[in-house]
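*Asks:*
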Amino acid sequence: MNSADEHSAMDGTAIQRLTAGPSRAEASAMAGPAGEQAGEQAGERSDGQPIAGLAGGWRRLHPLSPLVRAGRHLVVLATLLLSGAVTHQQDSGGQGRYWDLAVVAVVVVIGVISWLVTRWQVDNGTLRIETGLLRRSSQRYPLSQIQAIDLVESGLARVLGLAELHLRMAASGGSAGRLACLRKADAEILRARLLALAHGVAEDSPPPPEQLLVALSTRRLATSILLSGQGVVTIGATVVFAAVAVAIPAAIGALGGAVGLLIGMLTAAWRRFNSGFELTVSVAADGLHLRSGAIQTATETIPFGRVQAVQLVEPLLWRPLRWCRLEVEVAGRRVRNENRPEGRQLRAVLPVGDHGQAAFLLSQLIPAAPTADRRAPARARWKAPLRYRYLAWGDSKTCIVTTNGRVRRVTRWVPLEKVQSIRRVQGPLQRMFGLATIHLDTAGRRIQAELTDRDVEEADHQLAVIPGRCRAARRTARLPRPFHGQ
Amino acid sequence: MNDAQDWTAPSTRLLVMRRIQLALIATPTITTVGLLGAFIGSAGLGGLLALVIAAVVLAWERLLHHRIRAWAYAEREDDLLIRRGVMIRKLSVIPYGRMQFVDVTAGPVERMFGLATVRMHTAAAASDARIPGLLAAEAARLRDALAALGEAKAAGL
Numbered sequence: 001m002n003s004a005d006e007h008s009a010m011d012g013t014a015i016q017r018l019t020a021g022p023s024r025a026e027a028s029a030m031a032g033p034a035g036e037q038a039g040e041q042a043g044e045r046s047d048g049q050p051i052a053g054l055a056g057g058w059r060r061l062h063p064l065s066p067l068v069r070a071g072r073h074l075v076v077l078a079t080l081l082l083s084g085a086v087t088h089q090q091d092s093g094g095q096g097r098y099w100d101l102a103v104v105a106v107v108v109v110i111g112v113i114s115w116l117v118t119r120w121q122v123d124n125g126t127l128r129i130e131t132g133l134l135r136r137s138s139q140r141y142p143l144s145q146i147q148a149i150d151l152v153e154s155g156l157a158r159v160l161g162l163a164e165l166h167l168r169m170a171a172s173g174g175s176a177g178r179l180a181c182l183r184k185a186d187a188e189i190l191r192a193r194l195l196a197l198a199h200g201v202a203e204d205s206p207p208p209p210e211q212l213l214v215a216l217s218t219r220r221l222a223t224s225i226l227l228s229g230q231g232v233v234t235i236g237a238t239v240v241f242a243a244v245a246v247a248i249p250a251a252i253g254a255l256g257g258a259v260g261l262l263i264g265m266l267t268a269a270w271r272r273f274n275s276g277f278e279l280t281v282s283v284a285a286d287g288l289h290l291r292s293g294a295i296q297t298a299t300e301t302i303p304f305g306r307v308q309a310v311q312l313v314e315p316l317l318w319r320p321l322r323w324c325r326l327e328v329e330v331a332g333r334r335v336r337n338e339n340r341p342e343g344r345q346l347r348a349v350l351p352v353g354d355h356g357q358a359a360f361l362l363s364q365l366i367p368a369a370p371t372a373d374r375r376a377p378a379r380a381r382w383k384a385p386l387r388y389r390y391l392a393w394g395d396s397k398t399c400i401v402t403t404n405g406r407v408r409r410v411t412r413w414v415p416l417e418k419v420q421s422i423r424r425v426q427g428p429l430q431r432m433f434g435l436a437t438i439h440l441d442t443a444g445r446r447i448q449a450e451l452t453d454r455d456v457e458e459a460d461h462q463l464a465v466i467p468g469r470c471r472a473a474r475r476t477a478r479l480p481r482p483f484h485g486q
Numbered sequence: 487m488n489d490a491q492d493w494t495a496p497s498t499r500l501l502v503m504r505r506i507q508l509a510l511i512a513t514p515t516i517t518t519v520g521l522l523g524a525f526i527g528s529a530g531l532g533g534l535l536a537l538v539i540a541a542v543v544l545a546w547e548r549l550l551h552h553r554i555r556a557w558a559y560a561e562r563e564d565d566l567l568i569r570r571g572v573m574i575r576k577l578s579v580i581p582y583g584r585m586q587f588v589d590v591t592a593g594p595v596e597r598m599f600g601l602a603t604v605r606m607h608t609a610a611a612a613s614d615a616r617i618p619g620l621l622a623a624e625a626a627r628l629r630d631a632l633a634a635l636g637e638a639k640a641a642g643l
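Line order of the protein sequences matches chains A and E.
Numbering follows our numbering, in which position 52 of the first sequence is assigned residue number 52; successive positions increment by one, without gaps.
Numbering follows our numbering, in which position 33 of the second sequence is assigned residue number 519; successive positions increment by one, without gaps.
1. Please list, in chain order, the chain E residues whose beta carbon lies closer than 8 Å to that of A:Cys470.
2. For a test of the three-state rule: what should DSSP assign to A:Ser421, helix, strand or coil?
3. Taking all protein chains shown into account, decide if A:Lys397 is buried (16 or more other Cβ within 10 angstroms of its Cβ) or exposed.
4. Near A:Ile447, what residues of its chain come up, given a Cβ to Cβ distance below 6 Å and the 5 sequence neighbours on each side ignored?
5. May I ask which residues mark the beginning and end of the beta strand (DSSP E) holding A:His289?
6. Name the DSSP bridge partner or partners of A:Pro415?
7. According to a CB-to-CB cut-off of less than 8 Å, which residues of the segment 593-615 of chain E neighbour chain A?
8. Do we get a CB-CB distance below 9 Å when we pair A:Pro142 with the residues of chain E?
9. Thinking C-alpha only, which one of A:Ala198, A:Met265, A:Val106 and A:Val352 is nearest A:Leu167?
10. On the CB-based measure, 16 or more other CB atoms within 10 Å of its CB, does A:Ser23 come out buried or exposed?
11. Tell me which same chain residues have a C-beta within less than 8 Å of the C-beta of E:Gly600, skipping the five on either side of it?
12. Quick one: what's A:Gly353 bridged to in DSSP?
13. Is the beta carbon of A:Val349 closer than 9 Å to that of A:Val281?
14. Considering just the uninterrupted stretch of the alpha helix (DSSP H) at A:Val487, what are its terminal residues?
15. Tell me where the beta strand (DSSP E) around A:Asp373 begins and ends.
16. Give me the Cβ distance between A:Arg406 and A:Leu386, rounded to the nearest whole Å; I'm assuming they're in contact under 8 Å.
17. Let me know the secondary structure DSSP gives A:Gln121 once reduced to three states.
18. Can you list, in chain order, the residues of its chain with a C-beta nearer than 7 Å to that of E:Asp589? Leave out the 5 residues immediately preceding and following it.
19. Are three or more beta carbon pairs between the segment 263-274 of chain A and the segment 206-226 of chain A nearer than 8 Å?
20. Classify E:Met573 as helix, strand or coil using the three-state DSSP reduction.
21. Looking at C-alpha atoms only, which residue of A:Gly434, A:Arg381 and A:Asp186 is the closest neighbour of A:Val497?
22. Pull the bridge partners of A:Trp393 from the DSSP assignment, please.
23. Name the DSSP beta bridge partners of A:Pro142, please?
24. Please check the pair A:Gln296 and A:Ser154, which I expect to be a contact at CB under 8 Å, by giving their CB distance rounded to whole angstroms.
25. For A:Gly236, count the other beta carbons within 10 Å of its own beta carbon; 16 or more makes it buried, fewer makes it exposed. Which is it?
26. Out of A:Asn404, A:Arg469, A:Arg322 and A:Ile129, point me to the one whose CA is closest to A:Thr452's CA.
27. To the nearest angstrom, how far is it from the Cα of E:Leu522 to the Cα of E:Gly532?
28. So what does E:Ser578 bridge to, in DSSP terms?
29. Might you give, ordered along the chain, the residues of its own chain that have their beta carbon closer than 7 Å to the beta carbon of A:Thr131, omitting 5 neighbours on each side?
30. Can you have a look at A:Gly293 and say buried or exposed, based on whether 16 or more other CB atoms are within 10 angstroms of its CB?
31. On the premise that A:Pro467 lies in contact with E:Asp565, defined as a C-beta separation below 8 Å, what is that separation, rounded to the nearest angstrom?
32. For the beta strand (DSSP E) containing E:Phe587, name the first residue and the last one.
33. Can you pull the chain A neighbours of E:Ile574, defined as C-beta to C-beta under 8 Å?
34. So, is the C-beta of A:Ala284 closer than 9 Å to a C-beta in chain E?
35. Return yes when the Cβ of E:Ser578 is within less than 9 Å of the Cβ of E:Ala633, no when it is not.
36. Does any residue of chain A have a CB that is nearer than 9 Å to the CB of E:Asp630?
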């Protein structure tokens with residue numbers, strides 16, 4: 001990449017600061033396609049008259065939702081039936097066709113039943129979802145404990161104009177609430193209403209104004225994925241595979257396993273691309289709003305008070321471009337399709353961007369974030385030769401920052417009021433050099449802030465001081481910002 | 487800060503229990519290996535193998551001794567301290583307000599010795615805070631005290 005290219009790529013993602021005011025997306029969601037909203041789940045028209053507010057009785061999901069929920073299983077079934085049909089035609093047809101019809105009928109009946117027995121209701125500040133025919137299950141979600149509500153549209157749902165709502169509760173375990181599926185316009189209105197109720201204001205009050213902070217360019221995203229470790233490995237594997245396939249066509253059969261691996265790698269890369277595609281980050285009173293997705297789109301909220309830790313990663317291959325990635329850990333886990341917990345991936349608020357953007361977003365998440373300016377003592381070089389140049393920490397009144405990493409530098413910010421426990425760890429080598437490490441444990445297991453290889457006296461002093469500072473920070477921790485406060 | 491606290495150690499019965507467990511595993515191992523060596527090779531080889539394993543077991547016993555002696559906890563006004571480890575020394579500070587729940591477990595062997603393990607859980611997976619080998623009464627007292635303190639000083643996530 002020559003320097004001119006690089007320059008234009010950098011300009012591609014300029015930070016946009018707009019004046020406050022309702023964003024277009026929210027405004028259009030509220031205005032909605034008013035003409036289309038009829039039927040049992042109708043929401044609110046643009047004139048603000050609640051037609052069927054949340055107070056009503058039990059409601060059902062959209063009749064097509066079993067189709068969307070079945071999703072990929074449906075594709076498998078269709079392929080099986082198709083291949084079955086082909087073989088049946090070859091051997092004189094007859095009974096096989098009836099079996100196919102019977103299978104389809106059973107699947108349809110199951111779908112209809114699952115739709116019939118699933119219903120939901122908002123009652124007394126609680127969302128109740130009941131489902132199941134033989135094993136009834138009834139879930140209750142107190143709205144006051146909702147952390148965030150994500151609006152997710154899978155590919156099929158988008159074709160049908162549907163969307164799912166995922167409730168994120170504070171608890172880290174257990175199944176999160178999932179309303180799949182509603183008509184998209186209804187889902188957006190319901191989301192706004194549930195959030196309003198969750199924040200203790202009237203359910204039909206307008207959503208808070210939003211301000212666009214960052215929009216990600218597709219080109220930069222694609223480049224960043226190609227330049228990531230994962231991307232390089234995928235490209236290398238593809239090239240090797242193609243070369244082998246061309247050079248020794250006979251060996252293709254033996255490469256069956258490799259094909260599976262390759263597909264897995266490509267899927268992972270695609271997922272990263274999808275989750276960052278056309279990402280926009282905007283700020284509202286209740287937190288950062290993220291919208292993204294090429295095929296499956298999602299809208300999610302990262303509430304300010306719930307950010308447990310923030311992490312800035314500078315991968316080796318991105319260093320010439322001066323790019324970085326900003327990730328956050330939020331209490332409670334997100335659910336993806338089929339209630340599968342999100343794997344080891346953190347939520348990237350900024351999948352790729354320059355330091356200016358990262359610093360700007362960081363200032364939204366953690367005001368007045370400190371910089372790591374206290375280096376590890378020189379003798380730590382003998383104990384951690386690769387990491388030494390990155391070992392440092394710093395603090396402000398409310399936050400501690402640490403840097404670490406062998407080939408890529410990782411900077412982690414932990415607000416003091418979010419520290420769960422503090423540990424001092426000293427291995428034999430550290431004892432030899434008079435060093436010790438202080439760990440700051442936060443909720444979630446993916447961001448580990450540690451003051452690595454400090455002088456023993458400094459470590460002991462910090463271990464004695466930090467618990468008190470955390471306590472003070474917890475007491476004075478700002479209350480969640482008022483949601484609709486103007 | 488380590489010396490200013492009054493540390494409470496696990497019960498001495500824990501060491502007895504661990505030693506008995508070790509002996510129960512070590513004795514049959516030493517005899518079978520010794521006999522096998524004697525049958526396959528000579529009596530000298532069998533004796534040598536048995537001696538080597540016995541030496542390993544004794545070294546292991548010393549390590550157990552140190553590890554259990556290193557384990558201690560201290561209840562401070564606002565947090566609980568737990569110290570452990572011989573090679574890698576660890577000292578954890580767990581604020582009472584951060585405790586999500588406390589559980590007391592006692593396996594069949596522990597029950598035989600009247601012991602129990604107290605475990606504190608915070609929202610962080612990394613803060614592994616457990617105290618093994620407490621007498622059942624002490625474990626119950628600690629559990630109740632921690633639960634009460636946790637409630638009094640509870641803080642949100």
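Note that CB positions come from ideal geometry on N, CA and C, so glycine has one too.
Just so you know, these numbers come straight off a predicted model, no measurement behind them.
*Replies:* Reading it off the structure:
1. The residue you call residue 470 of chain A lines up with position 470 of the first sequence. Residues of chain E passing the Cβ test: Pro581.
2. In the first sequence, the residue the question calls residue 421 of chain A occupies position 421. Strand at A:Ser421.
3. Taking the first sequence and counting its residues from 1, the one referred to as residue 397 of chain A is at position 397. Looking at its Cβ environment, which holds fewer than 16 other Cβ atoms inside 10 Å, A:Lys397 is exposed.
4. Here residue 447 of chain A refers to the residue found at position 447 when the first sequence is read from its first residue. Excluding sequence neighbours, A:Ile447 sits near Ala309, Gln311, Glu329 and Arg412.
5. Counted from its first residue, the first sequence places residue 289 of chain A at position 289. Start and end: Gly287 to Ser292.
6. Locating residue 415 of chain A in the first sequence gives position 415, where the first residue counts as 1. Answer is A:Cys399, bridged to A:Pro415.
7. Thr608, Ala609, Ala610, Ala611, Ala612, Ser613 and Ala615
8. Your numbering for residue 142 of chain A matches position 142 in the first sequence. No, A:Pro142 does not count as interfacial toward chain E.
9. For the purposes of this step, residue 167 of chain A is taken as residue 167 along the first sequence, with counting starting at 1. Checked all of A:Ala198, A:Met265, A:Val106 and A:Val352; the closest Cα to A:Leu167 is A:Ala198.
10. Numbered from 1 along the first sequence, position 23 holds the residue referred to as residue 23 of chain A. Only weak support is given to the placement of A:Ser23: the predicted model assigns it a pLDDT of 35, under 50, and the question is left unresolved by the model.
11. Locating residue 600 of chain E in the second sequence gives position 114, counting from the first residue. Cβ within range, chain order: Arg499, Leu621 and Ala622.
12. In the first sequence, the residue the question calls residue 353 of chain A occupies position 353. Partner(s): A:Cys324.
13. To locate residue 281 of chain A, count along the first sequence from 1; it is residue 281. To locate residue 349 of chain A, count along the first sequence from 1; it is residue 349. It is a contact, given that the beta carbons lie within the stated cut-off.
14. This structure cannot speak to residue 487 of chain A, because chain A is shown only from 1 to 486.
15. What you label residue 373 of chain A is simply residue 373 of the first sequence in a count that begins at 1. Here A:Asp373 belongs to no beta strand (DSSP E), and DSSP marks it neither H nor E.
16. Here residue 406 of chain A refers to the residue found at position 406 of the first sequence. Here residue 386 of chain A refers to the residue found at position 386 of the first sequence. With a Cβ gap of about 4 Å, A:Arg406 and A:Leu386 count as contacting.
17. Translated into the one-based positions of the first sequence, residue 121 of chain A becomes position 121. Strand at A:Gln121.
18. Locating residue 589 of chain E in the second sequence gives position 103, counting from the first residue. Closer than 7 Å at Cβ, skipping near neighbours: Arg605.
19. yes
20. Position 87 of the second sequence, counted from the start, is the residue given in the question as residue 573 of chain E. DSSP places E:Met573 in coil when its eight states are reduced to three.
21. The shown model of chain A, from 1 to 486, leaves out residue 497 of chain A, and the question about it has no answer.
22. Locating residue 393 of chain A in the first sequence gives position 393, counting from the first residue. Answer by DSSP bridge pairing, in chain order: A:Arg374 and A:Thr402.
23. On the first sequence, position 142 is the one that residue 142 of chain A refers to. A:Thr126, per the DSSP bridge assignment.
24. One-based indexing of the first sequence puts residue 296 of chain A at position 296. One-based indexing of the first sequence puts residue 154 of chain A at position 154. With a Cβ gap of about 5 Å, A:Gln296 and A:Ser154 count as contacting.
25. Working through the first sequence from its first residue, we reach residue 236 of chain A at position 236. Result: exposed.
26. Residue mapping note: residue 452 of chain A aligns to position 452 of the first sequence, counting from 1. Checking every option, the nearest Cα to that of A:Thr452 belongs to A:Asn404.
27. Stepping through the second sequence from its first residue, residue 522 of chain E is reached at position 36. Stepping through the second sequence from its first residue, residue 532 of chain E is reached at position 46. Taking the straight line from one Cα to the other gives about 7 Å.
28. Residue numbering aside, residue 578 of chain E sits at position 92 when the second sequence is read from its first letter. BP columns for E:Ser578 point to A:Arg423 and E:Ile568.
29. In the first sequence, the residue the question calls residue 131 of chain A occupies position 131. Correct list, in chain order: Val117, Thr118 and Ser137.
30. Indexing the first sequence from 1 puts residue 293 of chain A at position 293. Buried.
31. Working through the second sequence from its first residue, we reach residue 565 of chain E at position 79. Working through the first sequence from its first residue, we reach residue 467 of chain A at position 467. Sure, about 6 Å apart at Cβ, within 8 Å.
32. On the second sequence, residue 587 of chain E is found 101 positions in, with the first residue counted as 1. E:Phe587 -> beta strand (DSSP E) spans Phe587 to Thr591.
33. For the purposes of this step, residue 574 of chain E is taken as the residue at position 88 of the second sequence. Within chain A, the residues near E:Ile574 are Val425, Gln426, Gly427 and Pro428.
34. The residue you call residue 284 of chain A lines up with position 284 of the first sequence. Judged by the 9 Å Cβ criterion, A:Ala284 is not in contact with chain E.
35. Within the second sequence, residue 633 of chain E is the residue found at index 147, counting from 1. Within the second sequence, residue 578 of chain E is the residue found at index 92, counting from 1. Their beta carbons are not under 9 Å apart, which means E:Ala633 does not touch E:Ser578 by this criterion.
36. Translated into positions along the second sequence, residue 630 of chain E becomes position 144. No, E:Asp630 does not count as interfacial toward chain A.
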